[in-house]
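K.L.:
Got a structure for you, questions after.
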Amino acid sequence: PQRPTVDVEIFEAKDEDIRRLAAMVSSSPEAWLGRQTRGSVCLIARSGTTYRGYLWITRGTHLVREVNHVVNVSRDPSGAYIHNVFVMPDSRRLGIFGALVAAAKQWAEARGLSRLYTTIARDNEASERAHRAAGFRTVAGSVTVLRVGNHEWKRVSRPKGTHVVDLLE
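Residue numbers (my numbering): 20 to 188.
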């Protein structure tokens, strides 16, 4: 990944950092602190006192709200799941995303993990480009969830020749 074009430190957030950052992006501090309680860790990119961006990483479960479905990365003993990545609008195109992903890789490696997973909305081309530039590749081409009443069907489309642990519950 490309080095950031601004000086940035990336660190594991404490409660106070999470409260301040959540307020900045109009989110509920209690909901964010609840992520910590459920085992997610927030990594923050900061230059001096300026918050540049953040990401969350977990070894457990995470609800993907867009499809109301749970990803459970604990099924892969070598994996961690990155979610809710955000770079502040005035900090984009400065290498912050790549620096956050590099820090997430270090976080994972320090715990003996060798794979990172994430999900990207189908129409978020900027996120897809950023993830590819950071070294991600597609292992599940698309996941479609159909719900009718109390019934649910999933279709996972994978590129040929790939194998992925079933992380969907």
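Yeah, the Cβ is synthetic: ideal placement off N, Cα and C, and Gly gets one too.
Taking the continuous beta strand (DSSP E) assigned at R134, which residues delimit it?
P.N.:
Run containing R134: R134 to Y136, per the beta strand (DSSP E) assignment.
K.L.:
In angstroms, rounded to a whole number, what distance separates the CA positions of D185 and W75?
P.N.:
Model confidence at D185 stands at a pLDDT of 49, short of 50, so the residue's coordinates are unreliable; what they give is reported in the following sentence. Taking the straight line joining both Cα atoms gives about 21 Å.
K.L.:
From E49 to N103, what does the alpha carbon distance come to, in whole angstroms?
P.N.:
Going from the Cα of E49 to the Cα of N103 covers about 16 Å.
K.L.:
When you compare only the Cα positions, how much space is there between R148 and A99?
P.N.:
Each residue's Cα considered, the two are about 21 Å apart.
K.L.:
For the alpha helix (DSSP H) holding I115, just list the boundary residues, first then last.
P.N.:
From DSSP, the alpha helix (DSSP H) with I115 extends over I115 to A129.
K.L.:
In angstroms with no decimal places, state the Cα-to-Cα distance between S146 and H170.
P.N.:
Using only the alpha carbons, I get a separation of about 31 Å.
K.L.:
Which term fits R22, buried or exposed, when burial requires 16 or more other beta carbons within 10 angstroms of its beta carbon?
P.N.:
R22 is exposed by the Cβ-count criterion.
K.L.:
Within this structure, are the beta carbons of G79 and R57 separated by less than 8 Å?
P.N.:
Yes, Cβ-Cβ distance for G79 and R57 is below 8 Å.
K.L.:
So the alpha helix (DSSP H) G53 belongs to, where does it begin and stop?
P.N.:
Per DSSP, G53 belongs to the alpha helix (DSSP H) from P48 to T56.
K.L.:
Anyone know if the C-beta pair for L135 and A123 falls short of 8 Å?
P.N.:
Yes, the Cβ-Cβ distance between L135 and A123 is below 8 Å.
K.L.:
To the nearest whole angstrom, what separates the beta carbons of L82 and Y73, a pair I think is in contact under 8 Å?
P.N.:
The pair is not a contact, with the Cβ atoms about 18 Å apart (cut-off 8 Å).
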